[in-house]
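One structure is given here, and the rest of the page talks about it.
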Amino acid sequence: YTARFRTACCLWLVLLVPFVAQAQTPAKKLTDTYVSAEKGKNGFTLAASGQAAALYASNTDWPGVLRAAQDLQADVNRVTNVTPTLITDKAPAGKEVVLIGTIGKSPLIDGLVKAKKLDVSQVTGKWETFVLQVVEKPLPGVDRALVIAGSDKRGTIYGIYDLSQQIGVSPWYWWADVPTKPQKVLYVAVGQHTQGTPKVKYRGIFINDEAPALQNWSKEKFGGVNSKMYAHMFELILRLKGNYLWPAMWGNMFNVDDPQNPVLADEYGIVMGTSHHEPLTRAHEEWKHAGKGAWNYQTNATTLQEFWRGGMKRMGTRENIVSIGMRGDGDEPMSEDSNIALLEKIVADQRKIIAEETGKPAEQTPQLWALYKEVQDYYDKGMRVPDDVTLLLCDDNWGNIRKLPKIGEKPRAGGYGIYYHFDYVGGPRNYKWLNTNPLPRIWEQMHLAHEYGANQIWIVNVGDLKPMEFPISFFLDYAWNPDKISADQVDDYSREWAAKQFGAKYATGIADILAKYAKYNARRKPELLNADTYSLTNYREWETVVADYNRLLTQAEQINQQLPTEYRDAYYQLVLHPVQACANLNELYYTVALNREAAKNGQANTNELAEKAKGLYAKDAEITNRYHALAGGKWNHMMDQTHIGYTYWQQPEKNAMPAVQTSAQATTVAPATQATPPSKPQTKAAAGAGFQENDGYVSIEAEHYSKAVHGGSVKWQTIPDLGRTLSGVTTLPTTAASQMPAASSPHLQYRVELTGSGPVTVKAYLAPTLNFTGGQGLRYAVSFDDEAPQIVNLHTGLVADNGNRPWEKAVAESILIKESKHTVAKPGTHVLKFWRVDPGVVLEKLVVDLGGVKPSYLGPPESASGASTN
Ligand code: REL
């Protein structure tokens, strides 16, 4: 056993460890399973031998609870083909029964509590909390019960739907045609099951920018954006354990178009709101219809007050969060001369109306004031609203949070919330076609919101709802309990989600596709793509991007072939369509780029490329048609959104073929248009290896540091899959104080081997995080070896505002690239250091440019790393 042998063994171990670790790490389970086909000891029989346990509820309970109980009845049938009886007016009888009810509203449940059969001490008085428990001999003549008891209306409803999910009914069974796996037996494990109390009080979605897709679809299927459609949406939100909705408002008036809309929302248990610029529950469209003059408080205050008063009268006692404040007409800023004093008066007048119409002090009605766009400036200039009003902080419409509460600030009674976007109409460009929202960035931004205490309301703009199914699930699940999903569990979440929709067998493959397509789409939103986006000549960039998409498409098609046929409609909507559509779109623009290049060089294949591009353009329409034909045409119009031919921020009326060139001299002899796809460049670099300069640069993925120096409780954390290339690295906790670089302060070290010396530029590729702390801007620092670190501010000259070029560039390119200049004394090994200064900075990649970096979109691919020098 010589030293050499030992070294060799260690080497082998080092090489083997990553594989072993990968193969043996069991997927962490985020959901506890309590329903199975095994009758454990004292387990409850929900269904067996062609029978299902009867469901009992009290008819004095909330109508919304009784309605959800009917859904459970239907869900048990979906799974077992047996419909349990649902009884609300008789005492329970039978060996095993399900008892459903709300504490304080259900004599059934209250009786069990009184008889000490059920302990609800962890539930009573809490917000939206339920317990699901197997109880022995709950009542005379009943052997065993499964009790679903809620602290309030939604607590019970969530308990019911929790059981539905456990027996295998996806919240998306209707909205994405997810099939239910048939089961003969269903047993509930003994014990107490609960999801606890949600950490975010109001969790919801905003249906926005709904024309043409949802609007046309709803018109065709339901005769309008009416209560027949909304009933499905309310049910979905509750199944996802959300509770809040801003309804469609593009020419739509929720409360007017169909008077059943608000009635049903309240019955279902949905808290309604109106968007940020629609005060006192009035849809903006209502003002247009009223035709009562200018939307101007200086000149038309009395009329506006009466308009708003009407909204409050109509609301009655239904659950609402009332938007207050005022913006200009139709989501525009107010005029220049509107001032804080005026806005404060508007708020005071609105509160007076709220109090008068509800007959209660204003603070007893939940309200929000959205600091959207220019409204945040009023706040920053000192405007305040009463303490009970929730301050709804906003992102920049591009998924980057603009502002968060200050650490240590006096808490507000109304707290803070977040308004976030998965879809947007506005500059620098609309994005409203496909899902372009990767979970890791949603995680990272909403994690910030949670850590900084913006937990009262989370609402996200989801456009037409479809095709945002996956990020909606994540947003609402994460809102329920952000502490449950850590940065490195986001892919576990994706896998479990895939398993819930499609079964465990293909879950890993599907999760990978879901993550990758969103990541690729987020590099550049489809609406912003064109033939010049990626480089044709440098780093084989265009070719690689297209090859990556096409490889993903192959994987997605393979799983499609293997899936049982009944899953294919759901699979197309949720997985295959976005990959196919975007792989095609990228190949279209790539082909156009090749065609233009061919024409420029007088190549013989110019016309062939033009024809190919036309074929890809036609295929785009075919892909849309395939979506529209799914499930017997159920989703016709859902993909009506135009997405090719943008010339400025607003969408084109119709898709338009990008211009291609033809040549009269073209012959049929054409060189291969599609080079063989390049081999995957990203081989994972071993920690400790030195990255080698080649062609005048070194490019390093952030997570490939040779050493991470933590600082006390401040730790470096990789957020897998975040950003445009490999991943992102940040520091946690995000609330830790800023610190100037000093010997032992947190930093990352990267070993680089340089062949030259002299001036170099270090380009840091950063997620386009905004200055959410409101200070001087977020900073990091860079140094080589022992030189003094140079501080770089992400936000010099950058403000989230249309017309601000640095911000427009950062969000359009989905990256913020900052530079620092250094001088390296001699060639050889150097240690590049990336220092933490402020929290919230997310590094994706570092490029050391010795003058060789060529223009490209993603920056040079990662450099090769040499043998470990450790
Ligand atoms: O994304 C936003 O928040 C706004 O652009 C919209 O709320 C806005 O209301 C728009 O749909 C029309 O007014």
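Mapping of the sequence shown onto mature numbering (1 follows the signal peptide of the UniProt record, and there is no 0): residues -23 to -1, 1 to 847, in sequence order.
A virtual CB, placed ideally from N, CA and C, is assigned to each residue, including glycine.
Secondary structure of residue i, DSSP reduced to three states
i     : result
M249  : strand
W474  : helix
H554  : helix
E466  : The sequence shown places Gln at residue 466, rather than the Glu named in the question. In the structure shown, Q466 sits in a helix (DSSP, three-state: H, G or I).
R180  : strand
T639  : coil
R701  : coil
E790  : helix
E670  : coil
I331  : helix
A664  : Confidence at A664 is low in this model, with a pLDDT of 48, below 50, so the placement of that residue should be treated as unreliable; the coordinate-derived value is given next. It is coil, neither helix nor strand.
Y566  : helix
R756  : strand
K387  : coil
S450  : helix
E785  : helix
F399  : coil
V53   : helix
I301  : coil
F211  : helix
Q(-2) : Low confidence applies to Q(-2): its pLDDT is 38, below 50, so where it sits in the model is not reliable enough to give any reading.
I621  : coil
P40   : helix
D243  : helix
W410  : coil
Q47   : helix
Residue i - containing beta strand (DSSP E), residue span
i    : result
K114 : F107 to L116
W223 : Y221 to W223
N374 : It is not in any beta strand (DSSP E) - N374 carries neither H nor E in the DSSP assignment.
V202 : Here V202 belongs to no beta strand (DSSP E), and DSSP marks it neither H nor E.
R813 : G805 to R813
G486 : Element bounds for G486: not the beta strand (DSSP E) but the alpha helix (DSSP H), A484 to R500.
Y604 : Counting along the chain, Y604 falls outside any beta strand (DSSP E), though it belongs to the alpha helix (DSSP H) covering T583 to G610.
Q282 : Q282 -> not in any beta strand (DSSP E); alpha helix (DSSP H) instead, spanning Y274 to M292.
E839 : Premise fails: E839 is in no beta strand (DSSP E) and is neither H nor E.
E680 : Where E680 is concerned, there is no enclosing beta strand (DSSP E), given that its DSSP letter is neither H nor E.
F749 : Run containing F749: none; DSSP gives neither H nor E here.
Of the residues the options, the one placed nearest residue i, counting alpha carbons only
i    : options                   : result
S300 : R131, W152 and S252       : S252
V12  : R44, N36, V53 and K798    : V53
N602 : E588, M360, Q618 and P541 : Q618
Y494 : D465, Y516 and L529       : L529
V111 : V146, L123, G287 and P84  : L123
L281 : T294, M292, A267 and N438 : A267
G385 : Y429, T276 and G403       : Y429
M423 : Q433, I378, N374 and A744 : I378
D364 : R389, K269 and T342       : R389
L368 : T746, E599 and P343       : P343
D297 : I436, Y221, A34 and A225  : What sits at residue 297 in the sequence shown is Asn, not Asp. Per the Cα distances, Y221.
H261 : R304, D154 and A31        : R304
R500 : S833, A153 and K16        : S833
S512 : T531, Q327 and A570       : A570
L109 : A92, D120, K103 and G132  : G132
Endpoints, the alpha helix (DSSP H) within which residue i is located
i    : result
F199 : A190 to F199
A719 : From DSSP, A719 is part of no alpha helix (DSSP H); its letter is neither H nor E.
V233 : F231 to D234
Q535 : E518 to Q539
D354 : E351 to D357
I419 : L416 to E428
D546 : R545 to Y548
W149 : Premise fails: W149 is in no alpha helix (DSSP H) and is neither H nor E.
K265 : H261 to A267
Cβ-heavy atom distance, residue i to the ligand ADP, below 6 angstroms
i    : result
D373 : With respect to small molecules bound, the structure shown includes the ligand REL and not the ligand ADP.
### Query
Can you list the beta strand (DSSP E) stretches of 3 or more residues lying completely in the segment 56 to 140, in chain order?
Contiguous beta strand (DSSP E) elements confined to the segment 56 to 140 occur at 73 to 79, 107 to 116 and 119 to 127, taking only those with 3 or more residues.
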